[in-house]
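*Asks:* Have a look at this one before I ask anything.
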DNA sequence: AGCTCCCATCGAATCGATTCGATACGCGGG
DNA sequence: CCCGCGTATCGAATCGATTCGATGGGAGCT
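Residue numbers (the numbering used here), protein chains in the order written: chain R, 1 to 353; chain Y, 1001 to 1353.
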């Protein structure tokens, strides 16, 4: 009669243990309101029936939360995770979420399929925009319409979204001052993508006006705070080979037109520029100084210590996750701006001549 | 009277549109059984009320599935994602899941906190063991007890778990034959961790008997198929610096005792061995041949073309995801073994003398 | 011995949507 | 003119657990 395949429910277990479903529920949740012998009886009955605990879906419905928090990363995973900063950020996020037994769901901006359909179908308690700050993202609209709390790391800046930010502008300005102090006057920037349309090349005013990403904008502004207008070369993605490409474009020119310092907007791009310099037989920092941003752990740089602006990436992740947890709990944390610190390495020095 | 904050439900919308909740549900699911004008009326009412669509949690309960599939990666994210193969695998997985509007939840074997508590709380339709094949993982037991379908990539091999495998052994044997054919007789192996206990050093029989990972075992066996017993040096994690360390241990010895070829069990480790060789002033493949496994995209290798065994990592991910989807749909796909291909690069050649 | 208080357990409502079988209505054919 | 059939909509059961307020019984105190 009773089909073997039918998975037992809490009610089944309760019946076998001779208690009401409510008591069985209390027993499983470890409430002190249930007497130890009773709990024992329930647990035994469960074991006998092969019941592994309350169904998470049903519990989610009743509790009103699913225990899942979504993290949006731009592009597809394959590219997003080439970026060590993205990984470290996610690591910081999981650290906090894991401590709350909350899971992290990855939402990749898979160009092919908008993740909007996923959001409509997947139960999310909150969402973190980890590496993609688009104010006009349709996914963002949907989340807000649904009343799903949203945390944004470095943007988008929208009403009702908690912002976890880093002082990109001040950090880059510090770095720029360092280079200015060394005597550099002809510097150029290797910029991360202003939008994800695969474009690369010099950044003009029109392009800049259509920039998507706050951090990129702020890192441009920080340099200009010190040097005034500075030529910037945009890369198609934040990857080493893009840095190499940009580096060759900027450095493979007659020495008179060559910048004495290149500020890359990320350590990954800086690593590429270093490679380009090496390929062109240029000495760093003798012929050209190179600086990055992030303070990432680039094991493949070897002994070279890159001059960079260190941002607390893992702390950023932890803050974002904590903010998300707070929002789920109904409190609204304040926006945060984390400080950064200039770290001078061996890749910057006084300009030649 | 009506609190503004109360989010409208399907019933509210239905009432406003003058239809029953069932019809409203049909309208949202896009069923052809509802007349277009009616659907229109429902959608309008929803828009007016700020209703963004059916609650995913409630829908999950009724449907019996949550639209979330969990992927287990060993260690914590920060280390797991240093491995380009893991990332590519995950990318393949998301490609398929995304096409089905299913989300990928990351479960990291955060040593501190077992993910068991997460599994108990998070609604999962299926789970994929992506990079950690432990037969005795308590998480695995819990999933099976819950009746959650499980797919294992390269293990664990357990009843009721669908296996997506790669022919590690045959691939490594091919590679070994290549080296044997070149004349190598004194080869050594740089092995990936046999278990995740941070140990590194020579592998002895006792250690080997306690090996956790099938792929590691198979890659050892493939070499032995050709060369017989071969010394192996175990690394603490699959990372470049571990490869460097192992490389120095194996290569920084008197030439007479130095292996003429080093087989690393992954491209990442091989990259480390190449670095070690360079540091020691050894020519590759003049003084020592180096080979890897994976066919990974290691941008930081530069022009060096590593001899390796190419495995279809993205296809492995897609297969695993497809298997998971099939299981969710109630069909049980067969186990798979994917083929690999030897790719000869510039890092192997005949031994000196 | 009687009264009170407290602790363990229970009942019942609720979370919000989905889905199947039933119903009502309108139209065409005999 | 009536019957039958098809289509659009509706009712009600169901998914499985949680939780709050209520109840009953036993222990402690006077």
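Beta carbons are placed, not taken as given, at the ideal position from N, Cα and C, and that holds for glycine.
Please read these numbers as outputs of a predicted model, since none were measured by experiment.
So, helix, strand or coil for residue 1307(Y), using DSSP?
*Replies:* By one-based count along the second chain, residue 1307(Y) stands at place 307. Strand at residue 1307(Y).
*Asks:* Just reading off the alpha helix (DSSP H) that residue 1146(Y) is part of, what are its end residues?
*Replies:* Here the question's residue 1146(Y) lines up with position 146 in the second chain. In this chain, the alpha helix (DSSP H) harbouring residue 1146(Y) covers 1138-1146.
*Asks:* Determine, using beta-carbon pairs with one atom in the stretch 121-128 of chain R and one in the stretch 149-164 of chain R, whether at least three such pairs fall under 8 Å.
*Replies:* yes
*Asks:* Determine, using beta carbons only, whether residue 138(R) comes closer than 8 Å to chain Y.
*Replies:* If you number the first chain from 1, residue 138(R) lands on position 138. It does not; no Cβ of chain Y falls within 8 Å.
*Asks:* Any beta-carbon of chain R closer than 8 Å to the one on residue 1094(Y)?
*Replies:* Taking the second chain and counting its residues from 1, the one referred to as residue 1094(Y) is at position 94. Interface residue, yes.
*Asks:* Locate the alpha helix (DSSP H) running through residue 119(R), then write down its first and last residues.
*Replies:* Here the question's residue 119(R) lines up with position 119 in the first chain. Residue 119(R) -> alpha helix (DSSP H) spans 116-121.
*Asks:* Judging by CA-CA distance, which residue of 1094(Y), 1231(Y), 1287(Y), 1301(Y) is the nearest neighbour of residue 1254(Y)?
*Replies:* Within the second chain, numbered from 1, the residue matching residue 1254(Y) stands at position 254. The option with the nearest alpha carbon to residue 1254(Y) is 1287(Y).
*Asks:* Out of 1351(Y), 1053(Y), 1189(Y), state which residue places its alpha-carbon closest to the alpha-carbon of residue 1216(Y).
*Replies:* For the purposes of this step, residue 1216(Y) is taken as the residue at position 216 of the second chain. Closest in C-alpha terms to residue 1216(Y), from the list 1351(Y), 1053(Y), 1189(Y), comes 1189(Y).
*Asks:* Which residue or residues does DSSP assign as beta-bridge partners of residue 161(R)?
*Replies:* What you label residue 161(R) is simply residue 161 of the first chain in a count that begins at 1. Beta-bridge pairing links residue 161(R) to 150(R).
*Asks:* Taking C-alpha atoms, which residue in 174(R), 275(R), 263(R), 39(R) lies nearest to residue 302(R)?
*Replies:* To locate residue 302(R), count along the first chain from 1; it is residue 302. The shortest C-alpha separation from residue 302(R) is found at 275(R).
*Asks:* Just curious, the alpha helix (DSSP H) that residue 1175(Y) is in, first and last residue?
*Replies:* Here residue 1175(Y) corresponds to residue number 175 of the second chain, with the count starting at 1. It spans 1168-1182 - the alpha helix (DSSP H) in which residue 1175(Y) sits, taken as one unbroken run.
*Asks:* Measuring alpha carbon to alpha carbon, tell me which of 65(R), 66(R), 57(R) ends up nearest residue 1062(Y).
*Replies:* Within the second chain, residue 1062(Y) is the residue found at index 62, counting from 1. Residue 1062(Y) has its Cα closest to that of 57(R), out of 65(R), 66(R), 57(R).
*Asks:* Could you list the residues in the stretch 1101-1131 of chain Y with a C-beta less than 9 Å from some C-beta on chain R, going in chain order?
*Replies:* 1101, 1102, 1103, 1104, 1105, 1106, 1107, 1108, 1110, 1112, 1113, 1115, 1117, 1118, 1119, 1120, 1121, 1122, 1123, 1124
*Asks:* Would you mind listing the beta strand (DSSP E) stretches within the stretch 309-344 of chain R that are 3+ residues and don't spill past its ends, in chain order?
*Replies:* 336-338, 341-343
*Asks:* Where DSSP assigns a beta bridge to residue 1128(Y), which residues make up the other side?
*Replies:* On the second chain, position 128 is the one that residue 1128(Y) refers to. In DSSP, residue 1128(Y) forms a bridge with 1071(Y), 1151(Y).
*Asks:* For a contact meaning CB atoms closer than 7 Å, what does residue 68(R) contact in chain Y?
*Replies:* Stepping through the first chain from its first residue, residue 68(R) is reached at position 68. Near residue 68(R) (Cβ distances below 7 Å), the residues of chain Y are 1068, 1105, 1122.
*Asks:* Alpha carbons only, please: which of 1198(Y), 1090(Y), 1251(Y) is nearest the one belonging to residue 1289(Y)?
*Replies:* Stepping through the second chain from its first residue, residue 1289(Y) is reached at position 289. Between residue 1289(Y) and the set 1198(Y), 1090(Y), 1251(Y), the nearest pair of CA atoms involves 1251(Y).
*Asks:* Is there at least one Cβ from chain Y nearer than 8 Å to residue 268(R)'s Cβ?
*Replies:* In the first chain, the residue the question calls residue 268(R) occupies position 268. So, not an interface residue.
*Asks:* Residues of chain Y with a CB under 7 Å from the CB of residue 91(R): which are they?
*Replies:* On the first chain, position 91 is the one that residue 91(R) refers to. Near residue 91(R) (Cβ distances below 7 Å), the residues of chain Y are 1076, 1077, 1078.
*Asks:* Which class does residue 81(R) belong to by DSSP, given the choice of helix, strand or coil?
*Replies:* By 1-based counting over the first chain, the position of residue 81(R) is 81. The three-state reading of DSSP puts residue 81(R) in coil, since its state is none of H, G, I, E or B.
*Asks:* Flag residue 1022(Y) as yes if its beta-carbon sits less than 8 Å from any beta-carbon of chain R, otherwise no.
*Replies:* The residue given as residue 1022(Y) occupies position 22 in the second chain. Interface flag for residue 1022(Y) against chain R is unset, since no Cβ pair is found closer than 8 Å.
*Asks:* What residues from the stretch 1241-1252 of chain Y come within 8 Å of chain R, judged by C-beta to C-beta, listed N to C?
*Replies:* 1241
*Asks:* Find the nearest neighbour of residue 1094(Y) within the set 1228(Y), 1333(Y), 1321(Y), judged by alpha-carbon distance.
*Replies:* Here residue 1094(Y) corresponds to residue number 94 of the second chain, with the count starting at 1. For residue 1094(Y), the nearest C-alpha among the options comes from 1321(Y).
*Asks:* Measure from the C-beta of residue 25(R) to each C-beta in chain Y and report whether the shortest distance is under 8 Å.
*Replies:* Within the first chain, the letter at position 25 stands for residue 25(R). Taking Cβ atoms only, chain Y never reaches closer than 8 Å to residue 25(R), which makes this a no.
*Asks:* Reducing DSSP to helix, strand and coil, say where residue 1356(Y) ends up.
*Replies:* There is no way to answer for residue 1356(Y), as the model of chain Y reaches only from 1001 to 1353.
*Asks:* Using Cβ-Cβ distances below 7 Å, what residues of the stretch 1211-1232 of chain Y are close to chain R?
*Replies:* Going along the stretch 1211-1232 of chain Y in chain order, one finds no residue with a Cβ nearer than 7 Å to chain R.
*Asks:* Just checking: is the beta-carbon of residue 88(R) within a distance shorter than 8 Å of some beta-carbon in chain Y?
*Replies:* As a first step, residue 88(R) is located in the first chain; it is residue number 88 there, counting from the start. True, the Cβ-Cβ gap to chain Y drops below 8 Å.
*Asks:* For residue 1025(Y), count neighbouring C-beta atoms within 10 Å of its own C-beta (all shown protein chains included) and say buried if the count is 16 or more, exposed if not.
*Replies:* Taking the second chain and counting its residues from 1, the one referred to as residue 1025(Y) is at position 25. Result: buried.
*Asks:* Judging by CA-CA distance, which residue of 198(R), 192(R), 316(R), 256(R) is the nearest neighbour of residue 292(R)?
*Replies:* Position 292 of the first chain holds residue 292(R). Residue 192(R) is the option with its Cα nearest to residue 292(R).
*Asks:* Report the residues of the stretch 1053-1065 of chain Y with a CB closer than 7 Å to any CB of chain R, ordered along the chain.
*Replies:* Going along the stretch 1053-1065 of chain Y in chain order, one finds 1053, 1056, 1057, 1058, 1060, 1061 with a Cβ nearer than 7 Å to chain R.
*Asks:* For chain Y, is any of its Cβ atoms less than 8 Å away from the one on residue 145(R)?
*Replies:* Here residue 145(R) corresponds to residue number 145 of the first chain, with the count starting at 1. Answer yes: the Cβ-Cβ gap between residue 145(R) and chain Y drops below 8 Å somewhere.
*Asks:* Look at residue 355(R) and residue 185(R) and say whether their C-beta atoms are less than 8 Å apart.
*Replies:* This structure cannot settle anything about residue 355(R), because the visible part of chain R is limited to 1 through 353.
*Asks:* Suppose only complete runs of 4+ residues qualify. What are the alpha helix (DSSP H) ranges in the stretch 21-75 of chain R, listed by chain order?
*Replies:* 21-29, 36-49, 56-63
*Asks:* Confirm the yes/no value for this check: CB of residue 1235(Y), any heavy atom of the ligand PLP, distance under 7 Å.
*Replies:* Summarising the ligand content, the structure contains no ligands, and the ligand PLP is consequently not present.
*Asks:* What's the C-alpha gap between residue 1032(Y) and residue 1038(Y)?
*Replies:* For the purposes of this step, residue 1032(Y) is taken as residue 32 along the second chain, with counting starting at 1. For the purposes of this step, residue 1038(Y) is taken as residue 38 along the second chain, with counting starting at 1. Roughly 11 Å between the two C-alpha positions.
*Asks:* Taking residue 178(R) as the reference, which of 208(R), 277(R), 227(R), 235(R) has the closest Cα?
*Replies:* Here residue 178(R) refers to the residue found at position 178 when the first chain is read from its first residue. Closest in alpha carbon position to residue 178(R), among 208(R), 277(R), 227(R), 235(R), is 227(R).
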